[in-house]
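Asker:
There are 2 protein chains.
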Amino acid sequence: MGVNHFRRDGRDTKFVLFEHLGVERLLKYEKFQDFSVEDLGMIVEEALKVGREVLGPGLQDGDRIGCSYADGVVTTPDSWKDCWKVLTENGWPAAGQSPEFGGQGLPVVVSGLVNEIFNSANMAVMSYPGLCIGAGHLIETFGTDGDKALFVEGMYTGRWGGTMCLTENDAGSDVGALRTKAVPDPQAGDPRVYKIEGTKRFITCGEHDLTENIIHLVLARIEGGPAGTKGISLFIVPKIWVNEDGSLGQPNDVFCTGIEHKMGIHGSSTCSLNFGEKGQCRGILLGEPHSGMAKMFQMMNGARIGCGIQSTGIATSAYDTARAYAKERIQGAPLANRHGAAVPIIQHEDVRRMLMNLKSGTEAMRALLAFLLFNEDVASHDPDPEVRQVASGRVELLTPLVKAYNTDLGYQLTRDAIQVLGGSGYCSDFPVEQNARDIKILSIWEGTNYIQALDLVGRKLPMAGGKIFQGVLAELIGLAKANAQDADFAADFGLLEKATKVVGDFAMRFTGYFKEGRISLVPMYATRFLDCFAEVILAKLMLEQGLVARARLAGVDPGSADGVFYRGKIASAKFFCRNILTNVFGRYQALLQEDLSALEIPEEAF
Amino acid sequence: MGVNHFRRDGRDTKFVLFEHLGVERLLKYEKFQDFSVEDLGMIVEEALKVGREVLGPGLQDGDRIGCSYADGVVTTPDSWKDCWKVLTENGWPAAGQSPEFGGQGLPVVVSGLVNEIFNSANMAVMSYPGLCIGAGHLIETFGTDGDKALFVEGMYTGRWGGTMCLTENDAGSDVGALRTKAVPDPQAGDPRVYKIEGTKRFITCGEHDLTENIIHLVLARIEGGPAGTKGISLFIVPKIWVNEDGSLGQPNDVFCTGIEHKMGIHGSSTCSLNFGEKGQCRGILLGEPHSGMAKMFQMMNGARIGCGIQSTGIATSAYDTARAYAKERIQGAPLANRHGAAVPIIQHEDVRRMLMNLKSGTEAMRALLAFLLFNEDVASHDPDPEVRQVASGRVELLTPLVKAYNTDLGYQLTRDAIQVLGGSGYCSDFPVEQNARDIKILSIWEGTNYIQALDLVGRKLPMAGGKIFQGVLAELIGLAKANAQDADFAADFGLLEKATKVVGDFAMRFTGYFKEGRISLVPMYATRFLDCFAEVILAKLMLEQGLVARARLAGVDPGSADGVFYRGKIASAKFFCRNILTNVFGRYQALLQEDLSALEIPEEAF
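Residue numbers (my numbering), protein chains in the order written: chain A, 2 to 607; chain B, 2 to 607.
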């Protein structure tokens, strides 16, 4: 087994839950009334223990042993069977799911942050339960009572795996181009049962040896259905047929033809699957015909938030390795005392700067993630419909940000972590280079980051006539103005106000481009707009955290563990505003050029 | 053998040499008078052929087979023996070296750009000749006639390998901390022969099976010598002793104890070497005692420029793969015609934007590299001492830029290349993910990119009382003002002027920080200053190229191959200024904050 480098602590997670967001507000909701704040703190501690003792030790196995394929069978590393066992026996995968089907019923902000800790330890192994829960939740939401009884508990408790089968060779970002087809199966005696035929590619966890069965959710077109995404239906396609009494029946003509060799997440199988190559594959229609795309989007949205969870986890792990290394590694003297003795490199100014990038960057990612998940809990459970609606709008608005910004920033941060370790960071003894390889997938899957930017600009900004977006900006401006004279953060709130106005102008220009038929300018700047919008939101959250930390600091010994944490948090807030938020102004200068050279250039010039 | 993805063409290389820089000016120098412009064009074509037929096919072998280690012996992939054979039989490694010792005597701007093409095809295999030539050149420069006769030709012609042995376990960036020691060997009968004892780590190409012998250049401290870098001497330490008649003698007690497992460049052996573990290792002192550090810097400077060559090559290869893929892959409709038919993804706006990033970014990297190398030729060979001095100052000033900026930008560009390919980019069938892994080492070795930034700020800006730096800025401002009303590039020259002033102010603030004892602010912003300075230089070079291209375009059919190339070049120049140069303004906003939060935070808060 590989070396275990997992060394997360739970302090920032607890700060976010209990000091910043005040998760106790959620515990007033009927659904969560059986939980206490203490319970939630213990759950975080337990999760850290699982990371430390079970998932972390399997990280390097995943990378070095990885998955192997032979004759349709995919084998995962031995140590991953233990990971699966411990996770499922303790109900971790379905921590945020309904107890009716074996879940723990936690607020999703708690289960999400727990999941972030697990992903910090070993993201690739977590892809198996992650997809399984998403697929199970889709059946719970849209299935008949029979479907639910037959599948959901098995998936939530980890007896079975689950997948989402969208991509085909010629249908990646363009899902509507898919060719997998479904034909009613009159012999089945059930009008919901269809014969499925087609080939799917890039199916994460599409085949493996962790569970006795895998429940695939397959997008296919019912023969004669409309073209494009409007004719797509969703089918439950078990790898092994499940009998009405819940026992396993015959294999269902689903065959894995191979797995991909990848830059990272070697332990997460990426499969090509043939459905019905012998004409014997049966699937159960989930919901109405031709309604598959909308349903799949429920799972997709969850998976997009999942990318934010995964990237925050991996980047934090890279930070943890970098800071531990920087405290131990003695090398040379800092610039300000360059003829002095050799010191731990954490005292070198540039190393410190990179560590601050990692610290404030990962904290900001976590703040966004938690804020979004908290709103999801409010949106699902608050008794006041107006409160629910506001929260729900925020979840929709922020989902593309947490998916795209966190994954791109995360990749950059792993670069800094490698750099802190120098030559050792490039070598595989330490996991930072693996972190960089693992995290890279996240900007691609579940809709590329550009697709997120288009979703933000095309769908999310116009929601409710633009009011949700405008409301958020107004809130930021209000906060910035209210704190413009703050003793510690005046400069930062000043930057926040200035940057928020830039974001507002950016969005107004986009509206203009649509109206004026200059639509091509939008995709030229959409990803940069997303980054700018994300950075003002993150800056606001970090400044809120800074204010909370300052207030708390007043009540503790500044040299105590809490005191040090709060001082670090104040520094994180400042650093984020002054070093990351400021990128907004460079991107804005680019926008002002309204440059179309990328489109005006002849195609053959590439 | 792996799939060959090498598909470079030589158009931009030739444009830089013959249309932008006017390499024919160099051919007037006595040393180059035997070459014609046609010769140089043919050499570029021949290099492309070697890349296509020999080096490119070995790229994936290097990654997948890599180097293996057993009992002190390092084995490279079989196909790499062919690479070595073809390279050395045709005199490629020493193309820019002196004919007296088997070199081809080409201008270094030509040999450097040829080398860039080779690195595009297979950077890891090129690390073997790269280090060997650098080490040989050091012996040529500082060795006695006897040393030169004994070693240089063998190293230039590839009969032997060569290395640079600096790093030890506790002496990485802090070279002065090294512990390898040298003791005079009275039995040798030659006062220049010492016994060497010590352990070196991270020695690139330190052991391999491509050559019958390896000539190590080893930094060691002569017993009793001064502490730190002032007491370091340089020794020629052959793996197998070379007799006075040039024949091979006994093995020289140099033992490879292992190789590193790394993120990339798996085929380039990264070795731990024990010198003198049996007390039998002999080394020949190169030059005076305690003068090793200064000598090593000659090789180091070459290696830093080498990093610029390597990164430009790899990033261009990533661009080549991405553009070819984008022309073939059909998927969905662009935003501006979103209900239209599926098109090759090169017609999707965001893909096009990323390809422009790759195109203009790699062209700008090449422009900087070529400009620096051209100045190196002028500095070495121009008859006018004043001209030589100006050129030499530029080489020194630009070396940290080509090392740090090109390698960091290159890493970012490989990210875009992966993104263009989507899920396929994350898989290993295409080489873009390998490009990202291979290129990452370049920001670390040969002095981390932060060390480059300090070199720029601490040593290069103050050269000649700051006049060299000021002269470059004045030239940029002059060019920008002269073209402020340009019909095509007015906006771009405007940005250049504004950005150059920002760079000037940035530098002035640094001077202030040194004077005011606020030195800690310098390392907080040094890497960002380097990026800003690099971007104004690159923008200037790209605009020069844009002007040349426009003038040439007037004389050709715009639809011809040349016409398309020139139109593409004009777009590259605009895109660079409007989308990359604009980052200067974001970084400048950060500088204005004069943020020290990274240093003020308590160390324990990390």
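By construction, the Cβ of each residue, glycine as well, lies at the ideal position given by its N, Cα and C atoms.
Note that the structure is predicted; figures quoted are calculated from it, not measured.
Which residue spans inside the segment 438-499 of chain A form an unbroken alpha helix (DSSP H) run of at least 4?
Answerer: 450-455 and 468-483
Asker: Run the CB neighbour count on GLU350(A), radius 10 Å, all protein chains shown included, and call it buried at 16 or more, exposed below.
Answerer: buried
Asker: Per DSSP, which residues does TYR195(A) bridge with? Please list them.
Answerer: Note: TYR195(A) sits in a beta bridge opposite PRO185(A) and GLY284(A).
Asker: So GLN311(A) contacts chain B; which residues on that side make the cut at Cβ distance below 9 Å?
Answerer: Identification of chain B residues near GLN311(A) by a Cβ-Cβ cut-off of 9 Å yields none; the smallest Cβ-Cβ distance measures about 14 Å.
Asker: Got a sec: is the Cβ-Cβ distance from ILE347(A) to anything in chain B below 9 Å?
Answerer: yes
Asker: Where DSSP assigns a beta bridge to ALA221(B), which residues make up the other side?
Answerer: SER234(B)
Asker: Is the shortest distance between the beta-carbon of ASN5(B) and the beta-carbons of chain C less than 9 Å?
Answerer: In the structure shown, chain C does not exist; the protein chains are A and B.
Asker: Does any CB atom of chain B fall closer than 9 Å to the CB of LEU414(A)?
Answerer: LEU414(A) does not count as touching chain B.
Asker: If you follow the beta strand (DSSP E) that TYR70(A) is part of, which residue opens it and which one closes it?
Answerer: Its beta strand (DSSP E) spans residues 69-71.
Asker: Work out the CA separation of GLY341(B) and VAL176(A) for me, nearest whole Å.
Answerer: Computed Cα separation, rounded: 15 Å.
Asker: Looking only at C-alpha atoms, which of PRO187(A), VAL537(A) and GLY97(A) sits nearest to PHE33(A)?
Answerer: Nearest option by C-alpha distance: GLY97(A).
Asker: Check whether the segment 439-447 of chain A touches the segment 326-342 of chain A, counting contact only when three or more Cβ pairs, one atom from each stretch, lie closer than 8 Å.
Answerer: no
Asker: Can the beta-carbon of VAL153(B) be found closer than 9 Å to that of GLY137(B)?
Answerer: The Cβ atoms of VAL153(B) and GLY137(B) lie closer than 9 Å to each other.
Asker: With a cut-off of 9 Å, does the C-beta of GLU364(A) fall near any C-beta of chain B?
Answerer: no
Asker: Roughly how far, in whole angstroms, is the beta-carbon of PHE276(B) from the beta-carbon of GLU198(B), given that I think they are within contact range, below 8 Å?
Answerer: PHE276(B) to GLU198(B), Cβ: 6 Å. Contact.
Asker: Which same chain residues end up closer than 8 Å to PHE431(A) when comparing Cβ atoms and leaving out the 5 residues on each side of it in sequence?
Answerer: HIS6, THR322, TYR326, LEU422 and SER425
Asker: Three-state secondary structure (DSSP) at PHE256(A)?
Answerer: In the structure shown, PHE256(A) sits in a strand (DSSP, three-state: E or B).
Asker: Locate the alpha helix (DSSP H) running through ILE310(A), then write down its first and last residues.
Answerer: 293-329
Asker: Can you list, in chain order, the residues of its chain whose CB lies under 7 Å from that of LEU286(B), leaving out five sequence neighbours each side?
Answerer: ARG193, TYR195, SER234 and PHE236
Asker: Taking the beta strand (DSSP E) that CYS578(A) belongs to, which residues open and close that run?
Answerer: Note, CYS578(A): premise wrong, no beta strand (DSSP E); not H, not E.
Asker: Compute every distance between the C-beta of LEU18(A) and the non-hydrogen atoms of the ligand ZN, then say whether any falls below 8 Å.
Answerer: Summarising the ligand content, the structure contains no ligands, and the ligand ZN is consequently not present.
Asker: Tell me the DSSP secondary structure of THR14(A) in three-state form.
Answerer: Here THR14(A) sits in helix by DSSP.
Asker: If you reduce the DSSP assignment to three classes, tell me which class GLY202(A) lands in.
Answerer: Note on identity: in this sequence residue 202(A) is Arg, with Gly being the wrong assignment. Strand.
Asker: In or out: VAL388(A) buried (at least 16 other Cβ within 10 Å) or exposed?
Answerer: Answer is exposed; the Cβ neighbour count stays below 16.
Asker: When you compare each of ALA572(B), LEU139(B), TYR30(B) and ASP558(B) to LYS360(B) by their alpha carbons, which one comes out closest?
Answerer: Residue ALA572(B) is the option with its Cα nearest to LYS360(B).
Asker: Under 7 Å Cβ-Cβ, which residues of chain A neighbour LEU402(B)?
Answerer: Going along chain A, no residue has its Cβ under 7 Å from LEU402(B), so there is no contact; the nearest lies around 17 Å.
Asker: In angstroms with no decimal places, state the Cα-to-Cα distance between THR89(B) and GLY113(B).
Answerer: 16 Å
Asker: Identify every residue that forms a DSSP beta bridge with LEU249(A).
Answerer: The bridge partners DSSP lists for LEU249(A) are VAL243(A).
Asker: Answer yes or no: does any C-beta atom of chain A fall closer than 9 Å to that of VAL537(B)?
Answerer: no
Asker: When Cβ atoms are compared, which residues of the segment 503-522 of chain B fall closer than 8 Å to chain A?
Answerer: Against chain A - using a Cβ distance shorter than 8 Å - the residues of the segment 503-522 of chain B are ILE520 and SER521.
Asker: Using CA coordinates, which residue listed in MET509(A), ARG8(A), PRO384(A) and ARG283(A) is at the minimum distance from GLY190(A)?
Answerer: ARG283(A)
Asker: Quick check: is the beta carbon of SER598(A) nearer than 9 Å to any beta carbon in chain B?
Answerer: Yes - at least one Cβ of chain B is within 9 Å of the one on SER598(A).
Asker: Among all the DSSP beta bridges, which residues are the ones paired with CYS169(B)?
Answerer: Note on residue identity: the sequence assigns Glu, not Cys, to residue 169(B). Answer is ALA172(B).
Asker: Considering only their Cβ atoms, is the gap separating LEU41(A) from VAL87(A) smaller than 9 Å?
Answerer: no
Asker: For ASN123(A), report the span of its alpha helix (DSSP H) as first-last.
Answerer: 109-143
Asker: Taking 9 Å as the CB-CB limit, is ARG438(B) close to chain A?
Answerer: By this cut-off, ARG438(B) is an interface position.
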